[in-house]
């Protein structure tokens, strides 16, 4: 039997239940994957709460790693016994085993464990498209990055520094400052919406930032806009504090002809070739030591509610993985 996390309705972590279902034979283009580790991401929390709608009832989870146990007709890119990982859909990673499309699996390098692959791939691909596609970060780029002490922030900070950027890290509490400095941030600020823009201006000698990466949303949005130089780019890619209020187009003009984007992982990974290229770039960066899959917490699949509560409550200081 297979353990699967399901939700019948949205709400607190306790809405997640574990069901026992039978194993299934893979169909054409599918594999049966015995999972060894499952990545937990804030998008999972948003879907569970209903902030990001899902057809219900539903499974949860978009990232996992394990071994191929069976393959369906027409599968040629993997074989039984291969160590593989995935990020993005189809949803349903919170399970001890599952069916999965073979063409969205990527091989795990020998140097990585399944836990490390499940901890880094989803966040790594997010970092990759934000730093290399949404805004091409390079030498001379000045960026503001929120949540730098968290799982995604740690990856983005170290990768941005490798690319040559000047990184201003934003943390939510004073005890995270040293963590952010250890990641290589050139400056670290504890978030204060009233003083943030002035602090960024002082750090940059009045030039302000080329790009702001803001996954916080409502409480930080206005301050983030004010951190940008003329024609700078505001990247709003999350809403942990709630969705930002609507933006008047004239506001972007008044603040210096600013650019605003709301990117998604799905829009950058729907094409299989693009998805694989981004995944390979992430895994290559891990192998080169550019980014590290820092695992903060390991939870049994049965303790998924505790994992969500800790992530949602701001307790985590790195990636969380579930162990089937």
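In our numbering, the protein residues as written are 60 to 383. Idealized CB from N, CA, C, for every residue including glycine.
- Runs of alpha helix (DSSP H) with 4 or more residues, each lying fully within the segment 161-200, are found at 173-188, listed in chain order.
- Beta-bridge partners assigned by DSSP to residue 382: 359.
- In terms of Cα proximity to residue 381, the closest of 328, 237, 354 is 354.
- Look at the segment 289-371 and you find these whole runs of alpha helix (DSSP H), each 4 residues long or longer: 308-313, 331-346, 363-371.
- Taken through DSSP and simplified to helix, strand or coil, residue 60 comes out as coil.
- A check of alpha carbon separations from residue 174 across 364, 362, 376, 358 identifies 358 as the nearest.
- Closest option to residue 90, judged by alpha-carbon separation, among 111, 126, 72: 126.
- Counting along the chain, residue 280 sits inside no beta strand (DSSP E); it lies in the alpha helix (DSSP H) bounded by residues 280-284.
- Residue 222 places its beta carbon 8 Å or farther from that of residue 242.
- The residue from 67, 288, 363 with its alpha-carbon nearest to that of residue 116 is 67.
- In the DSSP assignment, residue 75 forms a beta bridge with 66.
- In the displayed model, residue 261 falls within a helix according to three-state DSSP.
- Assigned with DSSP and collapsed to three states, residue 105 falls in helix.
- Each residue's CA atom was taken as its position, placing residue 111 and residue 70 some 12 Å apart.
- DSSP, read as helix, strand or coil, puts residue 212 in helix.
- Distances from the CA of residue 230 to each of 244, 224, 140, 218 were compared; the closest alpha carbon is that of 244.
- Between the alpha carbons of residue 325 and residue 254 lies a distance of about 34 Å.
- In the same chain as residue 149, and ignoring 5 residues on each side of it, the C-beta atoms closer than 8 Å to its own belong to 159, 160, in chain order.
- Annotation for residue 237: the continuous alpha helix (DSSP H) segment containing it runs 236-241.
- For residue 344, the CB contacts under 6 Å within the same chain, skipping 5 residues up- and downstream, are 350 in chain order.
- If you look at residue 269, you'll find it in the beta strand (DSSP E) that goes 268-273.
- Per the C-alpha coordinates, the member of 263, 210, 172, 225 positioned closest to residue 197 is 225.
- With contacts defined by Cβ atoms closer than 8 Å, residue 163 and residue 334 form a contacting pair.
- In this model, residue 203 and residue 366 are separated by some 28 Å (Cα to Cα).
- In this structure, residue 96 places its C-beta atom within 8 Å of the C-beta atom of residue 124.
- By the C-beta criterion, the segment 305-315 is judged to be in contact with the segment 277-289, since at least 3 inter-stretch pairs fall below 8 Å.
- Shown here, residue 255 sits in a helix according to DSSP, grouped into three states.
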